[in-house]
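Q:
Numbering (the numbering used here), first residue to last: 2 to 308.
Following this line, the structure appears as structure tokens:
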């Protein structure tokens, strides 16, 4: 899978694509169904497939920290997209220039002239262009005018629920990881490199691997039973996701105490899969009280994995 950054990164020999456009936050089961259809259309037309997405997400650009929690950072999104069989991911910086592109410009200059689209497949709630004026009907008319096919996928439902990033965020917030997994099509995880922290965990006997969340907001907050991948084998552990109020933290952080492991892993890329919520994050009156609670969290986590 090729990763292309910016429209200027499209070479002449990378034109002529079967295209889809969207945030694809979470790369959930609805996204996977759309991408399977995209790959099938690419095979039918004998053309490469291309997914066009944006960083930051448009709503993050417009709403900043008031935006709903993001399910996947770009690295995590790419990780989930690799097995789908799509050929190219085009990541476009979302800025003032991108936000001001008229829908007509996107349909003609971007899809036809730059990408050389042969076909465009979009989701049921697709909107595009400045002020989100463009809709499916406008895109279909543009495709007829400029010579590329246009089709859309209907809504994917799980029972009475629409499969959506909004529904997944709600399931995660409620600690319903079974429902989140059903909607996602995979267990929920976070990825990141281990960074240096304040070493407070080590001073109280519970060293942690610290990963910056680098999101406007996290879909999770609290203490969780997790498994860790990216080391010599799968490990189990307990994780705190939040701002660490006991030590006056400010930056959202993922802190993982990995069981039966004590090696220097600064800079390593870890994948942390979240299985079960133990409790909410809270402020303790002292480090001794925090340590006592962490020891209880460790015991409960080991019992949960053993059950």
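We put the CB at the ideal spot given by N, CA and C, even for glycine. Quick caveat: nothing in here was measured; it's all calculated off a predicted structure.
#1: Quick check on the burial criterion: 16 or more other C-beta atoms within 10 angstroms. Buried or exposed for residue 1?
#2: In three-state terms, what does DSSP make of residue 70?
#3: Any contact between the segment 274-282 and the segment 173-187? By contact I mean 3 or more CB pairs, one from each, below 8 angstroms.
#4: Excluding five sequence neighbours on each side, which residues of the same chain lie with their C-beta closer than 7 angstroms to the C-beta of residue 176?
#5: In three-state DSSP terms, what is residue 38?
#6: The alpha helix (DSSP H) with residue 302 in it runs from where to where?
#7: Give me the Cα-Cα distance between residue 303 and residue 256, rounded to the nearest whole angstrom.
#8: Could you tell me whether the segment 41-54 touches the segment 88-102, using the rule of 3 or more Cβ pairs below 8 angstroms?
#9: Using 9 angstroms as the threshold, is the C-beta distance between residue 136 and residue 146 below it?
#10: Under 9 angstroms, do residue 76 and residue 2 count as touching if we go by C-beta distance?
#11: For residue 186 and residue 23, which I take to be in contact (beta-carbon distance under 8 angstroms), what is that distance rounded to the nearest angstrom?
#12: State the CB to CB distance for the pair residue 122 and residue 101, rounded to an integer number of angstroms; the pair is presumed to be in contact (CB under 8 angstroms).
#13: Does DSSP put residue 211 in a helix, a strand or coil?
A: According to the structure data:
#1: Nothing about residue 1 can be read from this structure; the chain reaches only from 2 to 308.
#2: The three-state reading of DSSP puts residue 70 in coil, since its state is none of H, G, I, E or B.
#3: yes
#4: 278
#5: DSSP places residue 38 in helix when its eight states are reduced to three.
#6: 288-307
#7: 17 angstroms
#8: Verdict: yes, contact present.
#9: no
#10: At the C-beta level, residue 76 and residue 2 stay beyond 9 angstroms of one another.
#11: Actually they do not touch by this definition, with Cβ atoms about 16 angstroms apart.
#12: Going by Cβ atoms, the distance from residue 122 to residue 101 rounds to 25 angstroms, so no, they are not a contact pair.
#13: strand
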